[in-house]
Amino acid sequence: MAAASQFPRGEFTAFSTAKMTYFMLMREDTTRADIEAFFGADARYVALTPMPSIEIHIPKAEAQTAVPGNLIAKFVNGKYKVMTADYYDHNFNAPITDKDNEGIF
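Okay, so the sequence shown: first residue is 204 according to this note's numbering, each after it adds one.
Structure, rendered in structure tokens:
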């Protein structure tokens, strides 16, 4: 699990400094108040479960689950995405390749 004191640093800095995405680090001690503060009016579509996990059920969007160590990204268009460090690295830091895993320049 990523430590809150280490966030946002490293691979997540690009999004957080772009002012186009906001993040919430899912921790084992995440509270309902944390959910209310981050999700605002959408908090009514978010459940905090005993595992602990957060289940996001925004209307007209695919349901998502966040567990401790995941980041929940909130984009300015009102959409949410649960991310792991591996997902972020693969989709935003890894070189762009074609179907044969050859680099694209």
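We put the CB at the ideal spot given by N, CA and C, even for glycine.
Between T287 and I257, the C-beta gap is not smaller than 8 Å, which leaves the two residues out of contact. Separation of the CB atoms of P255 and E231 is rounded to 6 Å, and the pair is thereby assigned contact status at 8 Å. By the neighbour-count criterion, in which 16 or more other beta carbons inside 10 Å mark a residue as buried, V249 falls on the buried side. For Y291, the enclosing alpha helix (DSSP H) stretches over residues A288 to Y291.
Excluding residues up to 5 positions away in sequence, V249 lie with their Cβ nearer than 7 Å to the Cβ of F242 in the same chain.
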